[in-house]
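Here's the structure, in structure tokens; my notes come after.
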Ligand code: NAP
Ligand code: HSE
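Numbering (the numbering used here), first residue to last: 170 to 611.
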């Protein structure tokens with residue numbers, strides 16, 4: 170509230186003008202507010218660069234009683250009225266969720282209206298259908314804000330990098346969990362307290378389990394992989410684990426061993442033409458380029474066959490960076506409308522085969538509580554060895570006179586071997602508890 174002066178509240182700042190393109194916004198929460206603020210504060214620069222004025226003519230919300238930083242006469246709870254408004258040429262969907270957002274976007278496209286959205290869940294689940302509809306109708310469907318907040322990721326993948334065969338991509342794609350893990354690492358906060366901070370800063374989803382359980386990063390990885398490989402990647406083809414099991418013990422041991430824990434998404438091209446896509450907590454060596462990406466920052470590293478290694482980073486969530494990406498897309502559509510270049514959505518008709526997590530080969534961190542007695546270590550090492558898992562490092566500390574907490578770092582192993590070893594370990598009486606297992610990148 171404090172960031173808006175009363176004059177701005179009294180009347181719509183972005184009224185229609187003769188040479189303007191009308192926007193209908195669905196949702197006026199964190200991202201809607203950031204988008205509005207940028208359209209208002211940078212109006213003149215935007216007009217010059219886009220070649221037209223951008224007019225916000227209608228805004229759809231759910232709760233009419235909520236106080237807003239925008240004139241009441243723009244607001245409506247009738248969302249179809251926003252889409253159907255004849256002054257609206259671009260529908261900007263910033264409400265989230267699959268329904269009714271999906272139906273409203275489809276309605277807009279069927280009426281010949283361009284669409285800008287930040288809705289990764291919808292795009293991951295119904296993206297190919299909506300993108301293909303936009304392509305058939307000769308319309309723009311832009312979604313830069315859906316992945317990586319303010320970082321340009323979608324357009325570089327669609328355009329500048331699109332001639333490359335992507336060999337591997339790896340990214341920190343969720344601002345909330347990166348903020349939470351940073352606060353847990355740097356300040357020793359509990360996950361719950363750190364999450365509350367992230368929510369208060371506008372980083373988290375309406376239901377923050379989407380962040381913590383890894384769904385949000387899973388959606389984003391499916392979208393990025395679809396664009397990078399030019400084929401639809403089904404969201405269920407992306408393996409997912411969240412950060413809910415990361416304990417302060419793991420953060421402590423990671424530090425002792427020279428690593429940081431991040432929620433990372435990885436996509437690797439496989440020799441059979443398929444991909445392995447996975448999102449899970451990952452231990453990164455402290456000198457890894459992604460290890461220094463902290464707080465709400467996101468980053469995507471990729472290796473292309475011609476370009477080599479590329480890394481893009483910036484603020485991955487929050488009103489202003491995400492609003493910046495939405496405004497960039499709106500301006501792109503405005504230029505396309507004005508100069509006749511609209512409708513260059515690239516269809517994603519074909520799907521790509523996604524491998525199960527058992528195909529993963531990496532290093533592993535295993536933390537367990539064992540009985541502190543003679544031959545215990547040898548027994549555990551034998552189980553690992555029998556399952557073809559070779560050990561690279563170990564740390565141990567006593568829990569009490571009877572128990573010890575022990576951490577192993579393995580050499581590169583197959584997921585199947587690790588799972589076999591863990592299954593065998595659960596049946597040995599000296600193993601009291603398997604605390605956590607985290608994949609390790611190098
Ligand atoms: P938010 O703060 O919860 O705002 C959602 C807005 O949509 C609110 O104005 C809400 O109305 C409205 N809305 C939701 N469901 C509605 C319904 N069924 N009918 C009418 N209005 C409805 O969410 P947000 O953080 O801005 O996120 C919006 C979208 O951007 C989501 O897809 C999210 O995943 C994506 N995104 C968010 C961020 C971020 O940093 N927050 C970054 C990138 C992408 P009321 O105001 O009346 O409740
Ligand atoms: N909740 C999301 C995140 C918003 O924390 O990354 C940005 O997509």
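Just so you know, even glycine gets a beta-carbon here, dropped at the ideal spot from N, CA and C.
Checking 8 Å against the spacing of the C-beta atoms, do residue i and residue j come in under that value?
i: residue 523; j: residue 402; result: yes
i: residue 436; j: residue 338; result: yes
i: residue 445; j: residue 431; result: no
i: residue 601; j: residue 572; result: yes
i: residue 465; j: residue 434; result: no
i: residue 407; j: residue 381; result: no
i: residue 540; j: residue 599; result: yes
i: residue 265; j: residue 288; result: yes
i: residue 378; j: residue 607; result: no
i: residue 278; j: residue 248; result: no
i: residue 296; j: residue 467; result: no
i: residue 576; j: residue 532; result: no
i: residue 361; j: residue 417; result: no
i: residue 316; j: residue 412; result: no
i: residue 222; j: residue 189; result: yes
i: residue 429; j: residue 460; result: yes
i: residue 215; j: residue 225; result: no
i: residue 419; j: residue 605; result: yes
i: residue 219; j: residue 503; result: yes
i: residue 568; j: residue 597; result: no
i: residue 476; j: residue 330; result: yes
i: residue 117; j: residue 367; result: This structure cannot speak to residue 117, because the chain is shown only from 170 to 611.
i: residue 609; j: residue 582; result: no
i: residue 245; j: residue 256; result: no
i: residue 200; j: residue 341; result: no
i: residue 303; j: residue 514; result: yes
i: residue 591; j: residue 534; result: no
i: residue 529; j: residue 584; result: yes
i: residue 400; j: residue 326; result: no
i: residue 443; j: residue 499; result: no
i: residue 347; j: residue 483; result: no
i: residue 383; j: residue 365; result: no
i: residue 473; j: residue 333; result: yes
i: residue 204; j: residue 496; result: yes
Measuring only from the beta carbon, is residue i closer than 7 Å to any heavy atom that is part of the ligand GTP?
i: residue 406; result: In terms of ligand content, the structure shown lacks the ligand GTP and carries the ligand NAP and the ligand HSE instead.
Which residues does DSSP list as the beta-bridge partners of residue i?
i: residue 283; result: 259
i: residue 222; result: 189
i: residue 530; result: 583
i: residue 310; result: 284
i: residue 538; result: 574 and 602
i: residue 195; result: 229 and 262
i: residue 245; result: 229
i: residue 341; result: 468
i: residue 523; result: 444
i: residue 609; result: 452 and 532
i: residue 335; result: 473
If we define contact as Cβ-Cβ less than 8 Å, is residue i a contact residue for chain B?
i: residue 356; result: The structure shown contains no chain B; it holds only a single protein chain.
Does the stretch 309-320 come within contact of the stretch 291-300, defined as at least 3 CB pairs closer than 8 Å? With the cut-off at 8 Å, the stretch 309-320 and the stretch 291-300 touch.
Closer than 6 Å: residues whose CB approaches a heavy atom of the ligand HSE: Taken from the N-terminal end onward, the list reads 318, 343, 344, 345, 372, 373, 374, 380, 385, 485 and 486.
Would the stretch 230-240 and the stretch 524-539 be scored as touching if the rule is three or more Cβ pairs under 8 Å? With the cut-off at 8 Å, the stretch 230-240 and the stretch 524-539 do not touch.
Entirely enclosed beta strand (DSSP E) segments - the stretch 432-504, minimum 3 residues: Every beta strand (DSSP E) of 3 residues or more that sits fully in the stretch 432-504 is shown, in chain order, as 444-454, 466-473 and 477-484.
Only counting runs of 4 or more residues, tell me where the alpha helix (DSSP H) segments fall wholly within the stretch 541-606, in order along the chain. Correct list: 545-555 and 584-595.
Answer yes if the stretch 543-562 comes into contact with the stretch 476-492, meaning at least three C-beta pairs across the two stretches below 8 Å, and no otherwise. Short answer: they don't touch.
Give, in chain order, every unbroken run of the beta strand (DSSP E) that is at least 3 residues long and sits entirely within the stretch 359-443. Runs found: 407-409 and 428-438.
Would you call the stretch 190-201 in contact with the stretch 259-266, where contact means no fewer than 3 C-beta pairs closer than 8 Å? By the Cβ criterion, the stretch 190-201 is in contact with the stretch 259-266, since at least three pairs of Cβ atoms, one from each stretch, lie closer than 8 Å.
Inter-stretch contact at 8 Å, needing at least 3 Cβ pairs: the stretch 367-377 / the stretch 498-517: With the cut-off at 8 Å, the stretch 367-377 and the stretch 498-517 do not touch.
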